[in-house]
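Let me begin by presenting the structure, written as structure tokens, before commenting on it.
Numbering (UniProt numbering), first residue to last: 1 to 207.
Next up, the structure:
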């Protein structure tokens, strides 16, 4: 039986997600507006005859994926995602985010990192909240190297520091200190101070 949000093996910090309308998790608007990216996706393959009811069929798959995430059933969530991926259905960050948070609630950090890479590869924007949650999850497992890698991946070297970056920077530095990696924390701070843009602590006026 899959663990629930109240089970001992489930992290209470990562809350169970709400259920958005399935169609809002699809990135079909680009195709409807005739954008180049939508056209490229549309040319990747034709639907099989048994997928003619595209909207209803994909809505059903996404509903089942959301349900699996809410039940903390990572294997089922991955299975439904794979079906959507094979059908070349473009998805918004929300779908990836829900699966990643499901992995973190069930302490499956490896799967969460794997899906983070999938999200990055899809070209979707990764929110500061999501990367902060991943950093905290890595810190709890004492993976300072993963914390450092996440920060450098999300805010690549040479990139300007914005207010959103400053918030994640504080999370990353704190996580590195807690994982006994003070040298890496110092490197991250020094690098951030030398970058263009807002001051690293712009998100904390009282700092």
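We put the beta carbon where it would ideally sit given N, CA and C, even for glycine.
Query raised in the report: Excluding five sequence neighbours on each side, which residues of the same chain lie with their C-beta closer than 8 Å to the C-beta of residue 80?
Result: Answer for residue 80: 61, 62, 64, 65, 68, listed in chain order.
Query raised in the report: Considering only residues of the stretch 89-160, which uninterrupted alpha helix (DSSP H) runs meet the minimum length of 4 residues and lie entirely inside it, listed in chain order?
Result: If we require 4 residues or more, the alpha helix (DSSP H) runs fully inside the stretch 89-160 come out as 93-105, 109-121, 128-140, 144-154.
Query raised in the report: How many whole angstroms separate the CB atoms of residue 185 and residue 177, which I take to be in contact at a CB cut-off of 8 Å?
Result: Sure, about 5 Å apart at Cβ, within 8 Å.
Query raised in the report: Do residue 127 and residue 93 have their C-beta atoms closer together than 8 Å?
Result: Cβ distance < 8 Å, so residue 127 and residue 93 count as in contact.
Query - Alpha-carbon to alpha-carbon, residue 142 and residue 170 - result: Just so you know, the alpha carbons of residue 170 and residue 142 end up roughly 17 Å apart.
Query raised in the report: Straight-line CA distance for residue 168 to residue 100?
Result: Roughly 18 Å separates the two Cα atoms.
Requested in this report: Out of 106, 74, 191, 78, point me to the one whose CA is closest to residue 159's CA.
Outcome: Closest option to residue 159, Cα to Cα, is 191.
Report task. Given a cut-off of 8 Å, decide if residue 124 and residue 74 are closer than it, judged by their beta-carbon atoms. Result -> No, these two residues do not count as a Cβ contact at 8 Å.
Query raised in the report: From residue 114 to residue 130, what does the alpha carbon distance come to, in whole angstroms?
Result: So the alpha carbons of these two residues sit roughly 14 Å apart.
Query raised in the report: Where does residue 181 sit, in a helix, a strand or coil, going by DSSP?
Result: DSSP places residue 181 in coil when its eight states are reduced to three.
Query raised in the report: What did DSSP end up calling residue 71 once you bin it into helix, strand or coil?
Result: In the structure shown, residue 71 sits in coil (DSSP, three-state: anything other than H, G, I, E or B).
Requested in this report: Quick one: residues in its chain with C-beta nearer than 8 Å to the C-beta of residue 134, no 5 flanking neighbours on either side, listed in chain order?
Outcome: Excluding sequence positions up to five before and after residue 134, its CB lies within less than 8 Å of the CB of 100, 104, 112, 113, 116, 150, all in the same chain and listed in chain order.
Query raised in the report: residue 187 to residue 119, Cα distance in whole Å?
Result: Answer to the nearest angstrom: the Cα atoms are 27 Å apart.
Query raised in the report: Who are the near neighbours of residue 140 in its chain, counting only those whose CB is closer than 7 Å to its CB and skipping five residues on each side?
Result: Closer than 7 Å at Cβ, skipping near neighbours: no residue.
Query - Span separating the alpha-carbon of residue 183 from that of residue 86 - result: Separation of residue 183 and residue 86 (C-alpha to C-alpha, rounded to the nearest whole angstrom) is 43 Å.
Query raised in the report: Leaving out five residues before and five after residue 195 in sequence, what residues of the same chain have Cβ atoms less than 8 Å from its Cβ?
Result: Contacts found: 158, 159, 160, 161.
Query raised in the report: Quick one: Cα of residue 189 to Cα of residue 57, how far?
Result: Residue 189 and residue 57: Cα-Cα distance of roughly 48 Å.
Query raised in the report: Out of curiosity, what's the CA-to-CA distance linking residue 181 and residue 147?
Result: As the crow flies, the alpha-carbon of residue 181 is around 10 Å from that of residue 147.
Query raised in the report: For residue 162, which three-state DSSP category applies?
Result: Looking at residue 162 - three-state DSSP - the assignment turns out to be coil, as it is neither helix nor strand.
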